[in-house]
Each structure stands twice: as structure tokens, then as C-alpha cells.
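Here is the structure we will look at, set down as C-alpha cells.
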Amino acid sequence: MAGSTFGERLKMTTFGESHGKAVGVIVEGVTPGVELDEAYIQVQMDRRRPGQSSVTTPRKEYDKISILSGTFEGRTTGTPLFIMLSNTDMRPSAYDDIQSMYRPGHADFTYNKKYGFRDYRGSGRASGRETAARVAAGAVARKLLERRGVSVLAYTTEIGGIRCETFDADAIEKNMVRACDPIAAEQMIEKIEKLADEGNSCGGIVECRISGVAAGLGEPVFDKLDAELAKAILSIGAIKGIEFGAGFQAASMLGNEHNDQMDASGFKTNHAGGILGGISTGSDIVFRVVVKPTSSISVPQKTIDEDGNERDIVTIGRHDPSICPRVVPVIEAMACMVIEDHYKRQAALLDE
Ligand SMILES: Cc1cc2nc3c(=O)[nH]c(=O)nc-3n(C[C@H](O)[C@H](O)[C@H](O)COP(=O)(O)O)c2cc1C
Numbered sequence: 058m059a060g061s062t063f064g065e066r067l068k069m070t071t072f073g074e075s076h077g078k079a080v081g082v083i084v085e086g087v088t089p090g091v092e093l094d095e096a097y098i099q100v101q102m103d104r105r106r107p108g109q110s111s112v113t114t115p116r117k118e119y120d121k122i123s124i125l126s127g128t129f130e131g132r133t134t135g136t137p138l139f140i141m142l143s144n145t146d147m148r149p150s151a152y153d154d155i156q157s158m159y160r161p162g163h164a165d166f167t168y169n170k171k172y173g174f175r176d177y178r179g180s181g182r183a184s185g186r187e188t189a190a191r192v193a194a195g196a197v198a199r200k201l202l203e204r205r206g207v208s209v210l211a212y213t214t215e216i217g218g219i220r221c222e223t224f225d226a227d228a229i230e231k232n233m234v235r236a237c238d239p240i241a242a243e244q245m246i247e248k249i250e251k252l253a254d255e256g257n258s259c260g261g262i263v264e265c266r267i268s269g270v271a272a273g274l275g276e277p278v279f280d281k282l283d284a285e286l287a288k289a290i291l292s293i294g295a296i297k298g299i300e301f302g303a304g305f306q307a308a309s310m311l312g313n314e315h316n317d318q319m320d321a322s323g324f325k326t327n328h329a330g331g332i333l334g335g336i337s338t339g340s341d342i343v344f345r346v347v348v349k350p351t352s353s354i355s356v357p358q359k360t361i362d363e364d365g366n367e368r369d370i371v372t373i374g375r376h377d378p379s380i381c382p383r384v385v386p387v388i389e390a391m392a393c394m395v396i397e398d399h400y401k402r403q404a405a406l407l408d409e
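Heads up: take any position in the sequence shown, counting from 1, add 57, and you land on my numbering.
In C-alpha cells form, the structure reads like this:
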């Protein structure tokens, strides 16, 4: 109903607003007896946290998490995991001047239409801050997937029209935009810094590769694995599209080019992106997502206020000039949740 719970066998419920006291998550369905501590989750939180570099929002949050329940002596108990982090660097006054106006491209207008009023301080629940809770839950799912030999890796392939030409896995966490091509990364950083100086923003593309997934996961027909991943990823703010494998390129391919032919060792190509009929093939699951340019910009724009008056708006406050660098761990987190959930669903189907 209310839309803050995700997953079937491995389930998360997130809570918290951008400028409220805290954000957090309850994760249910966690396998008991698995080693898990705060430090393990914190690694992922640090990859998403604001203020991590000159190309992210300057809001300074350290996002130190606490596990309040669900572990004992360093291991999961199988009971609900409650993970929380406090908000410490709020500046609600930054929104005083625009509290009655609808920021173009943001969710102010639609939240007002839906609820009749809204938490205007940093967009409340429509803030990127909400995704901190997902990353905490995703880290738990990642821990469970590690035991299955599954790995999930996302990286930026394009920002502001600059595309990666090479793939260097070791470069990804060493550059501020998490790009897979260190040379393109430098150009992307320059571009973001220039746009930020101008008060503007840009979008990009993030690719995700899930390796080591067994064949046979996914629940036809409405809970196909690609459909579940698409829902998970499209539920992240600022994500505007997703394609699997050859994706939109399939439109201009012929059948004999697109089909992944097989020999005794398995699939010879992976245009399907690791999913056929909504079920994993055992090949890597590969998808790409479109990240829109951040809507909160300080370039003057036209809008209306809550009374319908036409107004000029300049969004001040602290914002990400490109969302790509910080959305990478969020995409991984959502992918981890979906894949572990479907392992558990498959086990239930087989009565294991
Ligand atoms: C990690 C992350 C950081 C974000 N940072 C900002 C930001 O600084 N400023 C902003 O206007 N939107 C930011 N967003 C995007 C908004 O949350 C999103 O645009 C808004 O909720 C409207 O939803 P929609 O763009 O999906 O329609 C961020 C999103 C994510 C996932």
C-alpha cells in the first residue's frame, strides 16, 4: 500500500526524511548465523555518503550506521535487522525562500498533489538521502550473496556526453565519478566542476554487472527477474530508463545477430543480458540505466507557487551537480536485494 516496503522473502522497509532526525531500514528474512557487523555495512555507506568529493553535494554527513537489532555476537539472528543513521548536517533555512514554490524537475508539485502538503526541507522523502537506507539493506543482501559466489559491480560509463572508451575495473573506485575509464573520468570531473560553477547539472549512464548468478532465478510471469530489477532500479530517484544486454540496440539487430547461440560450453554471446523468459541464464546479468541531470540548479527558471502565481526560481542549498557518482552504490544495493530475494524464492519453490 504505502510503497516503502520492497522484496518478498528478503524484505526492506525504509523510513526517514532528508531533514528529519534520522533515516533507516528494517530488513526481514535475513538468513540466521551469518557474520555481519557495522563495519561491513559502513564500507558501502561511505561510498554513497554526501560530501565525499568535490563533484558531490557539499552536505557533510558521515552516515555512521548503528545496528539496533537482529544480530548477536557478530552474527545475524534471523530476526528483523534494524539499521539506523542520524541526520546531522541539516540546513532547512536554505529552503525558506522557495518553500511555497515548485522546483522544476523535482517532486514538489506531485507531492503536494498527492498529500495536500509536503516537507519542503530538502524534499523530505523525495530526497536522495532516502537511498542511504537502501544501501544499508543492500549491504546485508551483498553479504548473503557473497556466500553464493555472486558479485555486483556498477560503474559510470557516461556523464554529460563524455563516454568511457575502455573498461578498467581497478580504476572505478579510484576516481571521483566511479567511471570505468580513468581518462574519461578526468574529463567528466572537469565537466561537472564547470557546470557546478555555472549553477547547472548534467546526467549520465551507469552500467551494472551481476556475476556468478545461477541459472533458474526469476518468477514468471509478473515477477520476471528483469521486471523485478527494472522496478527496483526505477524506484531510485532520478533514474529515467533501463536496458538489459543489447537493450535498445536490439531494435536494429537481426535475429541471427541478437540470438545468443549455444555450444557445449554454454552461451557464445550475451545479448540477452543474462535473462531469458524472465529467468536467469547463468551468464552475467548486465543492465544500463539513464540518470537524469539533477533538477535543483541555481540557473534561474520559471515556475509557479502553491497558489498558482507565476514565479522565478533559483534553487540554492547543497546539491549533487551529477547524481552518477553517488547513485552507483545505490544501484548495486537494489540489485543485491533483488538477486538475494530471488535465491530465497527459488529455494522456497524447490522446498529446500
Ligand atoms: C544518490 C542521489 C542523490 C541525489 N541528489 C540530488 C540533489 O542533490 N538534488 C536534487 O535535486 N535531486 C537529487 N537527487 C534526485 C532526486 O531524489 C529526484 O530527482 C527526485 O526525487 C524526483 O524524482 P524523479 O527525478 O525520479 O522524478 C538525488 C538522487 C539520488 C539517488
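The beta carbon of each residue, even a glycine, is placed where N, CA and C say it ideally should be.
Per-residue DSSP class, three states only, for residue i
{"i": "residue 265", "result": "strand"}
{"i": "residue 405", "result": "helix"}
{"i": "residue 160", "result": "coil"}
{"i": "residue 172", "result": "helix"}
{"i": "residue 77", "result": "coil"}
{"i": "residue 391", "result": "helix"}
{"i": "residue 280", "result": "strand"}
{"i": "residue 132", "result": "strand"}
{"i": "residue 303", "result": "coil"}
{"i": "residue 92", "result": "strand"}
{"i": "residue 204", "result": "coil"}
{"i": "residue 236", "result": "strand"}
{"i": "residue 383", "result": "helix"}
Residues bridged to residue i [DSSP beta-bridge criterion]
{"i": "residue 69", "result": "63, 84"}
{"i": "residue 347", "result": "262, 298"}
{"i": "residue 122", "result": "142"}
{"i": "residue 368", "result": "360"}
{"i": "residue 373", "result": "None; residue 373 has no bridge partner."}
{"i": "residue 192", "result": "In the DSSP output, where bridge partners are listed per residue, residue 192 has none listed."}
{"i": "residue 212", "result": "264"}
{"i": "residue 323", "result": "320"}
{"i": "residue 342", "result": "267"}
{"i": "residue 337", "result": "332"}
{"i": "residue 220", "result": "215"}
Own chain, CB closer than 7 Å to residue i, minus 5 neighbours either side, in chain order
{"i": "residue 338", "result": "272, 324, 329, 331, 332"}
{"i": "residue 363", "result": "157, 169"}
{"i": "residue 349", "result": "260, 295, 297"}
{"i": "residue 373", "result": "151, 355"}
{"i": "residue 418", "result": "Residue 418 is absent from the model: the chain starts at 58 and stops at 409."}
{"i": "residue 401", "result": "66, 67, 86"}
{"i": "residue 200", "result": "91, 93, 97"}
Classification of residue i by the beta-carbon crowding that lies within 10 angstroms, buried from 16 upward
{"i": "residue 377", "result": "buried"}
{"i": "residue 306", "result": "exposed"}
{"i": "residue 227", "result": "exposed"}
{"i": "residue 277", "result": "exposed"}
{"i": "residue 123", "result": "exposed"}
{"i": "residue 153", "result": "exposed"}
{"i": "residue 130", "result": "exposed"}
{"i": "residue 136", "result": "exposed"}
{"i": "residue 390", "result": "buried"}
{"i": "residue 118", "result": "buried"}
{"i": "residue 7", "result": "Residue 7 lies beyond the range of the chain shown here (58 to 409); nothing can be said about it."}
{"i": "residue 205", "result": "exposed"}
{"i": "residue 106", "result": "buried"}
{"i": "residue 384", "result": "buried"}
When the options are compared against residue i, the one with the closest alpha-carbon
{"i": "residue 31", "options": "202, 341, 380", "result": "Nothing can be reported for residue 31, as the shown portion of the chain is limited to 58 through 409."}
{"i": "residue 186", "options": "360, 356, 294, 335", "result": "294"}
{"i": "residue 191", "options": "153, 62, 253", "result": "62"}
{"i": "residue 75", "options": "90, 370, 132, 176", "result": "176"}
{"i": "residue 114", "options": "145, 284, 375", "result": "375"}
{"i": "residue 202", "options": "360, 88, 254", "result": "88"}
Cutoff 6 Å; reference residue i; Cβ partners in own chain excluding five residues on either side
{"i": "residue 345", "result": "262, 264, 300"}
{"i": "residue 286", "result": "395"}
{"i": "residue 318", "result": "325"}
{"i": "residue 164", "result": "183"}
Minimum Cβ-Cβ distance from residue i to chain C less than 8 Å
{"i": "residue 315", "result": "Here there is only one protein chain, and chain C is not present."}
Ligand 3 heavy atom lying under 7 Å from the CB of residue i
{"i": "residue 383", "result": "In terms of ligand content, the structure shown lacks ligand 3 and carries ligand 1 instead."}
Close Cβ partners of residue i (< 8 Å) along its chain, the five nearest in sequence each way excluded
{"i": "residue 103", "result": "109, 120"}
{"i": "residue 236", "result": "212, 213, 214, 216, 221, 228, 229, 242, 245"}
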